[in-house]
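Asker: Using numbering that gives the first Met the number 0, the first residue of the sequence shown is number 0, and each one after it goes up by one.
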Amino acid sequence: MPHLSHRASSIIRLALRAPVLLVAAAMTSFVIMDVLPGDAASTIARTTDPATVDAVRSRLGLDDPLLVRLGEWATALFLHGDGGHLYASGIPVWEAAASSARNSTYLVACALPLLLLIGILSGVFAGLRPTALRDHVLSTGAQTTLATPDFAVTTVLLVLCAGVLHLAPAVSLVPPGGTPLDRPDSLIVPALAIALVGGAWLQRLVRAAIVDAAALPHIRAAHLAGHHPVTVAWRLTLPAAAGPIVQACAATIPYAVTGTVVVENVVGFPGIGTLIATFIAARETIAVATLTAVFAAITIAAFTLADLHHDIQGRRA
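What follows is the structure, encoded as structure tokens:
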């Protein structure tokens, strides 16, 4: 019963925290967009005439106080699921983002398995023999990748895959009305970029989990007893590290999603990241805040599941 009550309290605590974080993140993005220089009225009016710009601003409701516009948008989104409309065209945000979201879904579906494969295998391989040559090589590679900006990693991969190996196009375009599956090579560079950077981060977490597990008394005793290292690793070390590794994988999922923003813009992939950059340039505050809320929801959900898994594992321990 105590374990059940602890588990229930963890679930309730995390369930209450998640929506608060989501609303806070979404509202913050709305406010940041609103305080940026310029607004959608200036872009739509296509003139510097103050009277014309003011007329457009009034028509769009941009002359209302910030708190009023923020409240109306948040109420519509979080209570009714209405993402709002674009200022320039009046098209619903959900409709405008549908095609780009589909493309990004294909990209993440390709990148995430590769990310997990790179991160878990290299992390386990390095962690089982800490301070060995392979650990130094893998750790140095991961740290170098993490220290390099995402756009630089993507650019290097673009030059390598498109310019040297000719495996991918220089610009990852998708045929009009089609999907990335109509041109699979458009996924190579962005998927590799997301997988390498995310995999490097996951590798560090997995390696730490393996090293910590290998230091447990019963595992050290197994080594001292003369058991084969492979047997100890397979039967003892990996099961002991499974909990932290699962938590690390869950925490990595948000990167595979949010990492598309930078990568897509570098390679010209028509996904949700490229669309957000376009909306920011056009000062589409509602659209940017709505899509940010989607990214925030995915991130918060993944970290909430990771925290819940950690709490449950901790209670069992």
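Yeah, the Cβ is synthetic: ideal placement off N, Cα and C, and Gly gets one too.
Confirm, please, whether the CB-CB distance from glutamine 202 to glycine 118 is below 7 angstroms.
Answerer: For glycine 118 and glutamine 202, yes; Cβs fall inside 7 angstroms.
Asker: Near leucine 304, which residues of its chain fall below 6 angstroms by C-beta distance, leaving aside the five closest residues on each side in sequence?
Answerer: For leucine 304, where only same-chain residues beyond five positions count, the Cβ hits under 6 angstroms are Ala249.
Asker: What first and last residue would you give for the alpha helix (DSSP H) that runs through serine 99?
Answerer: Here the alpha helix (DSSP H) through serine 99 covers 92-126.
Asker: Just mark glutamine 246 as buried or exposed, buried being the case when its beta carbon has 16 or more other beta carbons within 10 Å.
Answerer: It counts as buried.
Asker: Which full runs of the alpha helix (DSSP H) of 4+ residues lie inside the stretch 162-220, going along the chain?
Answerer: With a minimum length of 4 residues, the continuous alpha helix (DSSP H) runs that stay inside the stretch 162-220 are 187-213.
Asker: Would valine 92 and glycine 82 qualify as a contact pair, given that the criterion is a beta-carbon distance under 7 angstroms?
Answerer: Yes, they are a contact pair.
Asker: By the 10 Å Cβ neighbour count, where 16 or more other Cβ atoms means buried, how is glycine 258 classified, buried or exposed?
Answerer: Looking at its Cβ environment, which holds 16 or more other Cβ atoms inside 10 Å, glycine 258 is buried.
Asker: Is it buried or exposed for serine 8, if we count other Cβ within 10 angstroms and need 16 for buried?
Answerer: Exposed: under 16 other Cβ atoms inside 10 Å.
Asker: What's the C-alpha gap between alanine 39 and arginine 56?
Answerer: So the alpha carbons of these two residues sit roughly 8 angstroms apart.
Asker: Starting from the C-beta of alanine 190, find all residues in its chain whose C-beta is less than 7 angstroms away, skip the five residues before and the five after it, and write them out in chain order.
Answerer: Correct list, in chain order: Leu106, Cys109, Ala110 and Leu113.
Asker: Is the Cβ-Cβ distance between valine 170 and proline 179 less than 7 angstroms?
Answerer: No, the pair does not count as a contact, with Cβ atoms beyond the cut-off.
Asker: Assign histidine 226 to one of three DSSP states: helix, strand, or coil.
Answerer: Looking at histidine 226 - three-state DSSP - the assignment turns out to be coil, as it is neither helix nor strand.
Asker: Expressed to the nearest angstrom, what Euclidean distance is found between the alpha-carbon atoms of alanine 255 and valine 262?
Answerer: Cα-Cα distance, rounded: 11 angstroms.
Asker: Pull up the distance between the alpha-carbon of leucine 215 and that of isoleucine 297, whole angstroms please.
Answerer: Those two C-alpha atoms are separated by around 34 angstroms.
Asker: Across the stretch 151-165 and the stretch 229-247, are there enough close Cβ pairs to call them in contact, namely three or more that are closer than 8 angstroms?
Answerer: No: the two stretches stay apart, fewer than three of their Cβ pairs being nearer than 8 angstroms.
Asker: So, alanine 286 versus leucine 85, is the Cβ gap smaller than 7 angstroms?
Answerer: The answer is yes: Cβ separation under 7 angstroms.
Asker: Could you check whether leucine 237 and alanine 221 sit closer than 7 angstroms to each other, using their CB atoms as the reference points?
Answerer: Against a cut-off of 7 angstroms, the Cβ pair of leucine 237 and alanine 221 comes out as no contact.
Asker: Quick check on this structure: which residue in Thr144, Thr289 and Ala207 has the alpha carbon closest to the alpha carbon of threonine 74?
Answerer: Cα-wise, what sits closest to threonine 74 is Thr289.
Asker: Within the continuous alpha helix (DSSP H) that includes phenylalanine 150, where are the two ends?
Answerer: Residues 149-157.
Asker: Identify which residue in Ala300, Cys160 and Phe278 has its Cα closest to the Cα of phenylalanine 29.
Answerer: Measuring from the Cα of phenylalanine 29, the nearest candidate turns out to be Phe278.
Asker: For phenylalanine 294 and isoleucine 244, I'd like the C-alpha separation in whole angstroms.
Answerer: Their backbone Cα atoms lie some 23 angstroms apart in a straight line.
Asker: May I have the straight-line CA-CA distance separating serine 99 from threonine 273, to the nearest angstrom?
Answerer: One C-alpha to the other measures close to 8 angstroms.
Asker: Hey, does histidine 79 have any beta-carbon neighbour from chain D nearer than 7 angstroms?
Answerer: Given the protein chain composition of this structure (a single chain), no chain D is represented.
Asker: Hey, could you find the ends of the alpha helix (DSSP H) proline 49 is sitting in?
Answerer: Counting along the chain, the alpha helix (DSSP H) containing proline 49 begins and ends at 49-59.
Asker: Can you give me the start and stop residues for the alpha helix (DSSP H) that threonine 259 sits inside?
Answerer: Per DSSP, threonine 259 belongs to the alpha helix (DSSP H) from 259-266.
Asker: Take alanine 44 and list the residues in its own chain whose beta-carbon comes closer than 7 angstroms to its own, dropping the five residues that flank it on each side.
Answerer: Cβ neighbours of alanine 44 beyond the five flanking positions: Thr51, Val52 and Val55.
Asker: My assumption, with CB atoms under 8 angstroms, is that alanine 281 sits in contact with alanine 87. Please give the rounded CB distance.
Answerer: The Cβ separation is near 6 angstroms, so the contact holds.
Asker: With burial defined as no fewer than 16 other Cβ atoms inside 10 Å of the residue's Cβ, what is the status of proline 62: buried or exposed?
Answerer: Residue 62 is actually aspartate in this sequence, not proline. Under this definition aspartate 62 is an exposed residue.
Asker: Going by beta carbon distance, what residues of the same chain come within less than 8 angstroms of alanine 157, once the five residues before and after it are set aside?
Answerer: According to the sequence provided, residue 157 is leucine. The question's alanine does not apply to it. Taken in chain order, the residues that qualify are Ala167, Ala169, Val188, Val265 and Val266.
Asker: From valine 327 to leucine 195, what does the alpha carbon distance come to, in whole angstroms?
Answerer: No answer is possible for residue 327: the residues shown for the chain start at 0 and end at 316.
Asker: Would you mind sorting isoleucine 193 into buried or exposed? The rule is 16 or more other CB atoms within 10 Å of its CB.
Answerer: So isoleucine 193 counts as buried.
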